[in-house]
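Since the structure comes first, as C-alpha cells, the remarks are kept for the end.
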Amino acid sequence: MSKFKFSVGPWNVHSGADSYGPATRQEIDFDEKLAKFAEMGFSAIQFHDDDAVPNINDYTEEEIKQKARELKVKLDKYGLAAEFVAPRLWMDPHTIDGGFMSTSAEDREYAMWRAYRSIDIARELDCDMIVLWLAREGTLCAESKSPVWATKMLIEAINKMLEYDSTIRVCIEPKPNEPIDRSICGTMGHVMAISAATIDPSRVGGNLESAHAILAGLDPAHEIGFALAMGKLMTVHLNDQNGIRYDQDKSFGVENLRAAFNQVKVLKENNYGSHGEYVGLDVKAMRSTSDEDSYKHLETSLSVFKALEEKVERFDYDFQRKCVKTRDFEALELYVMKLLMGLV
Ligand code: XLS
Ligand code: MG
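Using my numbering, the letters of the sequence shown correspond one by one to residues 2 to 345.
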C-alpha cells in the first residue's frame with residue numbers, strides 16, 4: 002500500500018495527435034475520465050483553467066465561478082479533490098509571444114485575467130494552489146525582449162496574484178525550452194530565486210517535472226532535493242524522458258529506472274506528502290496506443306512508482322553507511338543495481 006496520494010490531469014488521457022500527425026484515438030469524455038481516475042485510485046485532479054471551465058473567454062467572472070461550483074459537485078461525487086488550477090497561457094492568440102512577459106501590454110493584461118480566473122476557480126474547487134507552467138515565457142528571438150525586463154515582469158505578475166488573494170499559493174513549473182527555445186525560468190534554481198524576490202516567498206514554490214529537469218541536463222532527484230531543502234516543493238510531475246530532445250512525458254521510470262528510484266527515495270526520505278502534497282503524474286500515452294489502452298501509461302507509472310517505493314523500503318542504509326565510511330562507492334553502486342534488478 003503506497004504512503005503517497007496521487008494526482009493526475011485530464012490532459013494525461015488524450016487522442017494522440019502531435020505536431021506531425023492527427024489523432025490516433027477517440028476523444029474521451031471529461032466525466033468518463035474523472036470516473037476512471039477515481040476508480041484507478043487517484044485522490045486529486047490537476048486542472049488547467051479551461052479544463053475546469055471550457056471556453057473560459059466567453060464568460061463573466063461570476064459565470065466562471067458558477068461553472069467551477071458545478072464542477073466541484075462532480076468532484077465531490079467521485080470523492081476527488083482539486084490539486085491545482087493552471088492558467089493555460091499557450092493556446093489563446095493573446096499568448097503568441099508569452100503571457101506575463103509578452104511585449105504587448107494588452108496581452109500581459111490578458112495573462113493576468115487568466116491568472117485571476119484560475120485563482121477564482123481554485124477557490125470554488127476548495128483548492129489553494131495555482132501552477133504556472135511558463136510555456137511561452139521566454140524568447141523565440143533573443144533580441145526581442147530583455148531577459149532582465151522579462152524576469153522582472155514575471156515577479157511583478159506573481160506579486161499581483163499574491164495581492165489578489167491573500168492566501169493563494171503560486172507554484173512555478175520550470176521547463177528550459179519548448180515551445181520556446183530560451184526560457185526565462187528554466188530550472189528549480191530559477192524558481193527559488195524568483196520566489197525569494199516576490200512580496201511573499203512563503204507562498205511561492207515549485208513543481209518539479211522529471212522530464213523538464215532532464216531537458217535541462219539535470220538530475221530530477223537532485224532538483225526535487227533542492228526544492229525540498231528550501232521547503233518549497235509544492236508538487237511534482239513525475240514522468241520520464243529519453244534524453245535531451247522533445248518533451249516526451251513518458252511513463253514514470255521507463256527510460257531511467259535508477260533516476261526514478263532516486264526520485265522516489267528522496268521523496269520518501271523527506272516525508273513528502275506529510276503536508277498534503279500529491280505525487281502528480283504528467284504522462285502521455287504513446288501515439289501507437291490503442292483506444293482500449295488509453296489509461297495503460299497511467300497504470301504503468303503507478304505500478305513503477307509503487308514497486309520503487311518497495312525497493313526504497315528495502316534499501317540497506319547500514320550497508321550504505323558502511324560503504325560511505327570506507328568510500329567504497331563501487332560496492333554501493335553494485336548494491337543499488339542488484340536491488341533494482343531484483344538480485345538482492
Ligand atoms: C508541459 C507541462 C504541462 C503542464 C500543465 O510541458 O508539463 O503539461 O504541466 O500544463
Ligand atoms: Mg507538467
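Yeah, the Cβ is synthetic: ideal placement off N, Cα and C, and Gly gets one too.
Since we're looking at a predicted model, the values are computed, not measured.
Could you give the residue range of the alpha helix (DSSP H) that holds residue i?
i: Arg315; result: 297-315
i: Glu28; result: Note, Glu28: premise wrong, no alpha helix (DSSP H); not H, not E.
i: Thr327; result: 318-327
With the cut-off set at 8 Å, would you say residue i and residue j are in Cβ contact?
i: Gly254; j: Val313; result: no
i: Arg288; j: Gly42; result: no
i: Gly100; j: Glu144; result: no
i: Tyr279; j: Ser44; result: yes
i: Phe316; j: Leu340; result: yes
i: Ala87; j: Phe48; result: yes
i: Asn272; j: Thr236; result: no
i: Gly10; j: Asp241; result: no
i: Gly281; j: Leu239; result: yes
i: Asp129; j: Ile173; result: no
i: Leu76; j: Ala82; result: yes
i: Met154; j: Met193; result: no
i: Gly190; j: Pro177; result: no
Here's the rule I'm using: 16 or more other beta-carbon atoms within 10 Å means buried, otherwise exposed. How should residue i be labelled?
i: Phe330; result: exposed
i: Arg70; result: exposed
i: Leu344; result: exposed
i: His95; result: buried
i: Cys142; result: exposed
i: Gly232; result: exposed
i: Asp50; result: buried
i: Lys146; result: buried
Taking the DSSP output, what are the residues bridged to residue i?
i: Gln47; result: Phe85
i: Ile131; result: Val86, Val171
i: Ile97; result: Gly99
i: Val9; result: Ile46
i: Gly139; result: Ser184
Can you tell me where the beta strand (DSSP E) holding residue i begins and where it ends?
i: Cys186; result: Segment: none, Cys186 is in no beta strand (DSSP E) and carries neither H nor E.
i: Asn208; result: 205-210
Between residue i and chain C, is there a C-beta pair that is closer than 8 Å?
i: Ser203; result: Among the chains in the structure shown there is no chain C, since it carries only a single protein chain.
Item to check | the region 240-256 contacting the region 211-222, beta-carbon criterion three pairs below 8 Å | outcome: Taking a cut-off of 8 Å on C-beta distances, the region 240-256 touches the region 211-222, as three or more cross pairs fall below it.
Checklist entry - Should the region 176-183 be called in touch with the region 284-301, which here means at least 3 C-beta pairs below 8 Å? => result In short, these stretches do not touch, since the Cβ pair count stays below three.
Item to check | contact_flag[the region 29-39, the region 103-123] where n(CB pairs < 8 Å) is 3 or more | outcome: Contact fails: fewer than three Cβ-Cβ distances are below 8 Å.
Next on the checklist: Count Cβ pairs between the region 259-269 and the region 219-236 that sit closer than 8 Å; are there 3 or more?
Outcome noted: Three or more Cβ pairs drawn from the region 259-269 and the region 219-236 lie within less than 8 Å of each other, which places the two stretches in contact.
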